[in-house]
Structures are given as C-alpha cells and as structure tokens.
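Below: the structure, in structure tokens.
Residue numbers (my numbering): 14 to 80.
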C-alpha cells in the first residue's frame, strides 16, 4: 500500500491548475501515477455565492495492491 498527498488547485472551470506532491509515497512510480491521473480529472468547481472560484485542496491518493 502507498499513499501520496497532492496539493491541487481546482480552477473556476473545474480544470486542474497548480498540482504538486505535498507528501510523497516514498515510491517514484506511485507519485508519478498519482500526478498523471489527477491531471486528467475534471472537478465541479467550488462556488462563492453563485460564482465559481479557484480553490486549493489537499488530495490523498491511496494505492492498494492485491496479491
């Protein structure tokens, strides 16, 4: 099992802006897989009132391996 924590900026249009590793899993392949996956995601943006706004969130990505 491995866990990567990413710092993700979600832009007002729901796309990903700034993205970086806040806490590594200790395994480069898992860290890169987490970054690659999240870069492709699209979010429902946060709103202030009725207006979408950019936000920064910490996002844990947990990898589990079955034997």
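Glycine is no exception: its CB is placed at the ideal position from the N, C-alpha and C atoms.
Open item on the list: Give me, in chain order, the residues of the same chain whose beta-carbon lies closer than 8 Å to that of residue 51; leave out the 5 immediate sequence neighbours on both sides.
Closed with: Your numbering for residue 51 matches position 38 in the chain shown. Cβ neighbours of residue 51 beyond the five flanking positions: 19, 21, 29, 32, 72 and 74.
- [ ] Can you tell me which of the three DSSP states residue 68 falls into?
- [x] Here residue 68 corresponds to residue number 55 of the chain shown, with the count starting at 1. DSSP places residue 68 in strand when its eight states are reduced to three.
Task: DSSP beta-bridge partners of residue 33 - done: Here residue 33 is taken as the residue at index 20 of the chain shown, counted from 1. Partner(s): 20.
- [ ] Round the Cβ separation of residue 36 and residue 23 to the nearest angstrom and send it over; I've been treating them as touching at under 8 Å.
- [x] For the purposes of this step, residue 36 is taken as the residue at position 23 of the chain shown. For the purposes of this step, residue 23 is taken as the residue at position 10 of the chain shown. At roughly 19 Å, the Cβ-Cβ gap does not stay under 8 Å, so residue 36 and residue 23 are not in contact.
Open item on the list: Give me, in chain order, the residues of the same chain whose beta-carbon lies closer than 6 Å to that of residue 65; leave out the 5 immediate sequence neighbours on both sides.
Closed with: Translated into positions along the chain shown, residue 65 becomes position 52. If we look at residue 65 and ignore the five residues flanking it on each side, its Cβ neighbours are 25 and 58.
Open item on the list: Going by beta-carbon coordinates alone, are residue 39 and residue 76 separated by less than 8 Å?
Closed with: Counting from one through the chain shown, the residue named residue 39 turns up at place 26. Counting from one through the chain shown, the residue named residue 76 turns up at place 63. Taking 8 Å as the Cβ cut-off, residue 39 and residue 76 do not qualify as a contacting pair.
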